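Engineer: Basically the working numbering = 1-based index in the sequence shown + 1422. Note that CB positions come from ideal geometry on N, CA and C, so glycine has one too. Treat the numbers as computed from the prediction; the structure is a model and nothing was measured.
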Amino acid sequence: MDFRNTKISLRRSIWSYGKVQKVVGTLVRNRRFQLLRHGLCDYVNIGCGPFPLEGFCNIDYFWGPRTYCFDITKGLPFATASVKGIFSEHCLEHLKAEQCLAVLRDFRRILKPGGVARIVLPDGGLYCRLYMQAISGESVTWPYPAPGKPPIYYVNRIMADYGHCFVYDFETFKDVMLSAGFREVHREAYLHGRDPKLLVEHDWRAVESFYTEGIV
1423 MDFRNTKISL
1433 RRSIWSYGKV
1443 QKVVGTLVRN
1453 RRFQLLRHGL
1463 CDYVNIGCGP
1473 FPLEGFCNID
1483 YFWGPRTYCF
1493 DITKGLPFAT
1503 ASVKGIFSEH
1513 CLEHLKAEQC
1523 LAVLRDFRRI
1533 LKPGGVARIV
1543 LPDGGLYCRL
1553 YMQAISGESV
1563 TWPYPAPGKP
1573 PIYYVNRIMA
1583 DYGHCFVYDF
1593 ETFKDVMLSA
1603 GFREVHREAY
1613 LHGRDPKLLV
1623 EHDWRAVESF
1633 YTEGIV
């Protein structure tokens, strides 16, 4: 990797540079020694991106100073029935459908009996409903509006942009979670759910998201 065009500032941590993080990620991804400094993980944040949470074991494909670097499609680095709760926000839509099912089975595996997986996803059903209303001549308010864009733009944005592979509505995702072995699956609302520790979602995503909790 070429660092010649990277401007280095003594006021910044070396670990904050994107190129450094990519190199570290390549070296440590999927290596379990990363977790030695964390100890037991009661709560896990899957696909944390740039938003690691206090009190969670934060997992992401990309390495960061407070993030453990794992490809979740290769299996989660936790023992069976070892975790109280899992939080995942706008992550699983980046997986193919069969990968998502496999990852959810791994979620169920690592959760203790009675444990909860709280999963926040972009609502594909919402975008489809808004599209049908818009082409019927109704006035609609799109999440994150882009003035002048036609209705089909928003459908493509949610389904094809940002690295999305498969977009769900609640009923479809509920079926997938049940197929993965969850005992109960419920639709919840923003900041409402079974375990207060898992109510950590971002408010700016609420406009386009649905909230699902699976119980083991």
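Mapping the DSSP letters down to three states, classify A1582 as helix, strand or coil.
Structural biologist: Reading the sequence shown from its first residue, position 160 is the one you call residue 1582. Three-state DSSP puts A1582 in a helix.
Engineer: Hey, could you find the ends of the alpha helix (DSSP H) T1594 is sitting in?
Structural biologist: Position 172 of the sequence shown, counting from 1, holds the residue named residue 1594. Taken as a continuous stretch (DSSP letters only), the alpha helix (DSSP H) holding T1594 covers F1592 to S1601.
Engineer: Per DSSP, which residues does N1467 bridge with? Please list them.
Structural biologist: Indexing the sequence shown from 1 puts residue 1467 at position 45. According to DSSP, N1467 bridges with N1480 and F1509.
Engineer: If you draw a straight line from the alpha carbon of C1491 to that of N1452, how long is it in whole angstroms?
Structural biologist: Residue numbering aside, residue 1491 sits at position 69 when the sequence shown is read from its first letter. Residue numbering aside, residue 1452 sits at position 30 when the sequence shown is read from its first letter. C1491 and N1452: Cα-Cα distance of roughly 6 Å.
Engineer: DSSP three-state call for F1604: helix, strand or coil?
Structural biologist: Mapped onto the sequence shown, residue 1604 falls at position 182. In this structure, F1604 counts as coil in the three-state DSSP scheme.
Engineer: Identify the continuous alpha helix (DSSP H) that holds F1529 and give its terminal residues.
Structural biologist: In the sequence shown, counting from the first residue as 1, residue 1529 sits at position 107. Per DSSP, F1529 belongs to the alpha helix (DSSP H) from A1519 to I1532.
Engineer: To which residues of the same chain is D1617 closer than 6 Å at the C-beta, ignoring the five residues directly before and after it?
Structural biologist: Residue mapping note: residue 1617 aligns to position 195 of the sequence shown, counting from 1. Excluding positions up to five away in sequence, the list reads G1507 and V1538.
Engineer: May I ask you to list the residues that DSSP assigns as paired with D1545?
Structural biologist: Within the sequence shown, the letter at position 123 stands for residue 1545. Paired residue(s): Y1590.
Engineer: By alpha-carbon positions, which one of L1613, C1470 and M1599 ends up nearest to V1607?
Structural biologist: Taking the sequence shown and counting its residues from 1, the one referred to as residue 1607 is at position 185. If we check each option's Cα against that of V1607, M1599 comes out closest.
Engineer: Decide if Y1549 is buried, meaning its Cβ has at least 16 other Cβ atoms within 10 Å, or exposed.
Structural biologist: If you number the sequence shown from 1, residue 1549 lands on position 127. With 16 or more other Cβ atoms within 10 Å, it is buried.
Engineer: So which of Y1633, E1610, I1637 and A1582 has the shortest CA-CA distance to K1397?
Structural biologist: Not covered by the structure: residue 1397. The range shown for the chain is 1423 to 1638.
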